[in-house]
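Chemist:
2 protein chains.
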Amino acid sequence: MGRPTMNDVARNAGVSLKTVSRVVNGETTVDPGLAARVRAAVAALGYRPNLGASMLRRNDRRTRMIGVLLTDLAGPFSAAVHRAVEDEARARGVHVLGGSTDDDPQRAQDLVEAFARRHVDGVILTAPAVVDLPSVVIDREAGIGQGMRHLRNHGHRRIVFVEREVHAVFALPDPPTAILAGSTSVTIEVVRALRERGLRDRVALVGLGDFPTADLLEPAVTVVAQDPAATGRAAAGALFEQIDGGTQGARAISIPTTLIARGSGEIRPATGS
Amino acid sequence: MGRPTMNDVARNAGVSLKTVSRVVNGETTVDPGLAARVRAAVAALGYRPNLGASMLRRNDRRTRMIGVLLTDLAGPFSAAVHRAVEDEARARGVHVLGGSTDDDPQRAQDLVEAFARRHVDGVILTAPAVVDLPSVVIDREAGIGQGMRHLRNHGHRRIVFVEREVHAVFALPDPPTAILAGSTSVTIEVVRALRERGLRDRVALVGLGDFPTADLLEPAVTVVAQDPAATGRAAAGALFEQIDGGTQGARAISIPTTLIARGSGEIRPATGS
DNA sequence: TTGAAAGCGCTAACAG
DNA sequence: CTGTTAGCGCTTTCAA
């Protein structure tokens with residue numbers, strides 16, 4: 002004997018299966034007396050409806066689950082997006098399956114495939130993948146241009162965009178006068194590296210993505226803020242629109258970015274160097 | 002016509018339903034010729050197995066989904082735990098449904114209930130809730146004692162433990178000489194508040210939970226580190242043990258904590274005050 | 001208002 | 001090695 006089923010409840014309450022179904026689904030066309038008996042049986046047996054089974058038979062073929070594939074659920078950007086998506090989903094009675102891709106396209110594809118087997122209603126992605134269900138792609142590239150422009154406007158010509166390999170930057174024969182950091186964790190690594198080398202007031206730094214202590218560091222860190230919560234909300238909104246509209250196929254959402262000048266990004270290159 | 006089913010594949014390949022099932026499930030006892038025909042039909046129709054349906058009939062009654070209820074998926078601690086749980090789950094072919102409780106017991110209870118209806122194989126929680134399925138509770142209280150002891154050992158007698166209401170602390174008639182901050186976001190708020198009041202070198206601060214720039218702030222922030230990744234791994238490990246063992250009922254996991262002294266927590270109270 | 005029968009997509013149990 | 005039949009827990013359809 003596993004968990005009690007609707008049939009068990011029906012037997013216990015002395016009614017038909019269908020009556021239990023009606024009560025459980027909150028239909029109002031049930032005699033109050035019978036409904037009370039059903040509810041008593043539900044409580045007595047500890048019955049819980051099986052969403053998987055009901056989904057199988059239902060006409061609206063929805064699992065009320067969506068998948069969210071982000072670079073790293075532990076990272077501040079992904080985490081904030083994830084939370085915002087969760088909130089939008091919750092408002093619609095939908096649950097969220099999360100997945101980290103670590104920017105590996107194969108892993109993203111595998112996850113999409115796995116989520117599709119679960120018949121999620123749709124997916125949110127940060128990198129395009131082959132998907133034949135409702136999906137929204139979040140585009141993070143938008144902020145790069147803005148950061149680059151800012152550094153160029155402050156006189157820099159040797160600018161490096163850093164992904165992960167922070168220390169390699171300083172090993173270059175012709176080291177840059179400015180750095181654009183690709184994520185908050187990279188930004189923090191760069192701050193640390195600049196300090197170790199006594200360069201914190203000499204090399205300009207702009208980070209992609211704001212972080213809580215950016216204004217407390219010295220110099221305070223200039224960033225291109227990307228409002229992950231707004232991004233998540235927008236992506237979820239667009240996804241549910243597709244789902245409700247029966248549309249299908251990827252749709253891109255780009256992030257509204259804001260440059261927040263705090264000091265590190267306004268350092269000018271040493272003249273004559 | 003919705004998505005193609007196993008029956009459609011069977012018809013297309015000219016074999017029985019069961020043969021398709023065998024091929025899809027990777028059973029080796031199928032004639033290679035037939036298997037090839039089945040695979041061709043799968044590709045041609047874009048067939049994808051329905052995990053929900055298979056789960057319903059299978060004997061092992063597992064959805065291969067678990068739920069993780071954390072304070073806030075956007076927070077660094079929760080996010081890191083979530084990621085670690087995801088990695089453990091992935092290694093076992095299990096997906097993770099995430100949920101933020103915002104420390105609201107009712108919300109936690111509702112989420113548990115909702116996940117149970119989906120027949121998740123188990124749940125991980127940060128606050129106890131009524132659960133009749135495999136579950137693991139993460140205990141975060143462990144670090145508080147360690148932080149308090151550290152401050153007392155440095156001569157403090159008026160210590161405040163802060164949850165959210167940072168500014169209220171400074172409105173107290175007899176302000177504390179030391180602060181223990183309950184989460185990283187609170188810690189950062191306290192740093193900001195101390196600076197605004199010119200108290201950064203006078204009031205001691207210990208934060209619960211390490212964060213990436215704690216050593217870069219001035220003074221550097223002393224914390225009780227809680228290794229969220231290790232916590233997530235441990236919790237997931239314990240949960241899968243329960244699931245595999247067929248056990249049931251809450252089990253508590255406590256976090257191994259480490260005090261990292263960096264300066265802010267070693268400030269002594271002004272003598273004679 | 002209530003119920004009986006059929007069947008969602010799939011796997012189990014048993015034959016051939 | 002292959003197929004047939006039954007049925008997981010539920011909702012639908014239709015009849016009473």
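Here the protein sequences come in this chain order: X and W. Converting from the first sequence to this note's numbering requires adding 1 to each position, the first position being numbered 1. Converting from the second sequence to this note's numbering requires adding 1 to each position, the first position being numbered 1. Where is the CB? At the ideal position from N, CA and C, for every residue including glycine.
In the DSSP assignment, what residue or residues form a beta bridge with serine 101/X?
Modeler: In the first sequence, counting from the first residue as 1, residue 101/X sits at position 100. DSSP output for serine 101/X lists Leu71/X as bridge partner(s).
Chemist: What are the start and end residues of the alpha helix (DSSP H) that includes isoleucine 145/X?
Modeler: Here residue 145/X refers to the residue found at position 144 of the first sequence. That run of the alpha helix (DSSP H) goes 143 to 154.
Chemist: Roughly how many angstroms separate the alpha carbons of arginine 193/X and phenylalanine 162/X, rounded to a whole number?
Modeler: On the first sequence, residue 193/X is found 192 positions in, with the first residue counted as 1. On the first sequence, residue 162/X is found 161 positions in, with the first residue counted as 1. Answer to the nearest angstrom: the Cα atoms are 17 Å apart.
Chemist: Could you tell me whether the segment 109 to 123 of chain W touches the segment 46 to 54 of chain X, using the rule of 3 or more Cβ pairs below 8 Å?
Modeler: They touch, by the three-pair rule.
Chemist: Here's a check: name, in chain order, each residue in its chain whose Cβ is nearer than 6 Å to the Cβ of alanine 179/X, leaving out the five neighbours to either side.
Modeler: Taking the first sequence and counting its residues from 1, the one referred to as residue 179/X is at position 178. These residues qualify, in order along the chain: Leu152, His157, Ile160, Ala205.
Chemist: With threonine 223/X as the anchor, note down where its beta strand (DSSP E) starts and where it stops.
Modeler: Your numbering for residue 223/X matches position 222 in the first sequence. Run containing threonine 223/X: 223 to 226, per the beta strand (DSSP E) assignment.
Chemist: Determine the direct distance from the alpha carbon of isoleucine 244/X to that of glycine 284/X, and round the result to whole angstroms.
Modeler: As shown, chain X starts at 2 and ends at 274. That puts residue 284/X outside it, with no answer to give.
Chemist: Please list the residues of the segment 53 to 81 of chain X that have a C-beta atom closer than 8 Å to any C-beta atom in chain W, keeping them in chain order.
Modeler: Cβ contacts with chain W come from Gly53, Ala54, Met56, Leu57, Arg62, Thr64, Met66, Asp73, Leu74, Ala75, Gly76, Pro77, Ser79, Ala80, Ala81.
Chemist: Quick one: does isoleucine 180/W have its CB under 8 Å from some CB of chain X?
Modeler: On the second sequence, residue 180/W is found 179 positions in, with the first residue counted as 1. It does not: the Cβ of isoleucine 180/W has no partner Cβ on chain X nearer than 8 Å.
Chemist: To be precise: take each residue of the segment 119 to 143 of chain W, compare its Cβ to all Cβ atoms of chain X, and keep it if any distance is under 8 Å. Which residues remain?
Modeler: Correct list: Arg119, His120, Asp133.
Chemist: Would you call the CB atoms of alanine 81/X and leucine 74/X closer than 8 Å?
Modeler: Within the first sequence, numbered from 1, the residue matching residue 81/X stands at position 80. Within the first sequence, numbered from 1, the residue matching residue 74/X stands at position 73. No, they are not a contact pair.
Chemist: Looking at chain X, which residues of the segment 97 to 109 of chain W have a Cβ within less than 8 Å of any of its Cβ atoms?
Modeler: The residues in question are Val97, Leu98, Gly99, Gly100, Ser101.
Chemist: State the start and end residues of the unbroken beta strand (DSSP E) segment that holds isoleucine 261/X.
Modeler: As a working mapping, residue 261/X is identified with position 260 in the first sequence. Unbroken beta strand (DSSP E) run through isoleucine 261/X: 259 to 261.
Chemist: Is the CB of glycine 3/W under 8 Å away from at least one CB in chain X?
Modeler: Along the second sequence, one-based indexing puts residue 3/W at 2. Chain X contact via Cβ: present.
Chemist: Taking only beta-carbon atoms, is threonine 214/X less than 8 Å away from chain W?
Modeler: The count along the first sequence starts at 1 and reaches residue 214/X at position 213. Output row for threonine 214/X: interface = yes.
Chemist: Taking only beta-carbon positions, decide if serine 274/W is within less than 8 Å of chain X.
Modeler: Residue mapping note: residue 274/W aligns to position 273 of the second sequence, counting from 1. Note that serine 274/W scores a pLDDT of 44, beneath 50, so its modelled location is shaky and nothing firm can be said.
Chemist: Note down, in chain order, each residue of its chain lying with its Cβ closer than 6 Å to the Cβ of proline 270/X, except the 5 sequence neighbours on either side.
Modeler: As a first step, residue 270/X is located in the first sequence; it is residue number 269 there, counting from the start. Taken in chain order, the residues that qualify are Gly156, His157, Thr178.
Chemist: For a contact defined as C-beta to C-beta under 9 Å, what are the partners of asparagine 51/X on chain W?
Modeler: Within the first sequence, residue 51/X is the residue found at index 50, counting from 1. Near asparagine 51/X (Cβ distances below 9 Å), the residues of chain W are Leu57, Arg118, Arg119, His120.
Chemist: So who's on the other strand from valine 137/X, going by DSSP bridges?
Modeler: Within the first sequence, numbered from 1, the residue matching residue 137/X stands at position 136. The partner list for valine 137/X (beta bridge, DSSP) reads Ile125/X, Arg252/X.
Chemist: Alpha carbons only, please: which of Leu209/X, Ser136/X, Ala237/X is nearest the one belonging to valine 222/X?
Modeler: Locating residue 222/X in the first sequence gives position 221, where the first residue counts as 1. Per the Cα distances, Leu209/X.
Chemist: Could you tell me which chain W residues have their CB closer than 9 Å to the CB of leucine 46/X, listed as they occur along the chain?
Modeler: The residue you call residue 46/X lines up with position 45 of the first sequence. Within chain W, no residue comes near leucine 46/X; the closest Cβ sits about 12 Å away, beyond 9 Å.
Chemist: Output, in chain order, the set of chain W residues within a Cβ distance shorter than 9 Å of isoleucine 189/X.
Modeler: Along the first sequence, read from residue 1 onward, the residue named residue 189/X stands at position 188. Near isoleucine 189/X (Cβ distances below 9 Å), the residues of chain W are Pro213, Thr214, Leu217.
Chemist: Looking at chain W, is there any beta carbon in it that lies within less than 8 Å of the beta carbon of arginine 168/X?
Modeler: Sequence index remark: in the first sequence, residue 168/X carries index 167 (1-based). Correcting the residue type first, residue 168/X is histidine in the shown sequence and not arginine. Answer no: the Cβ-Cβ gap between histidine 168/X and chain W never drops below 8 Å.
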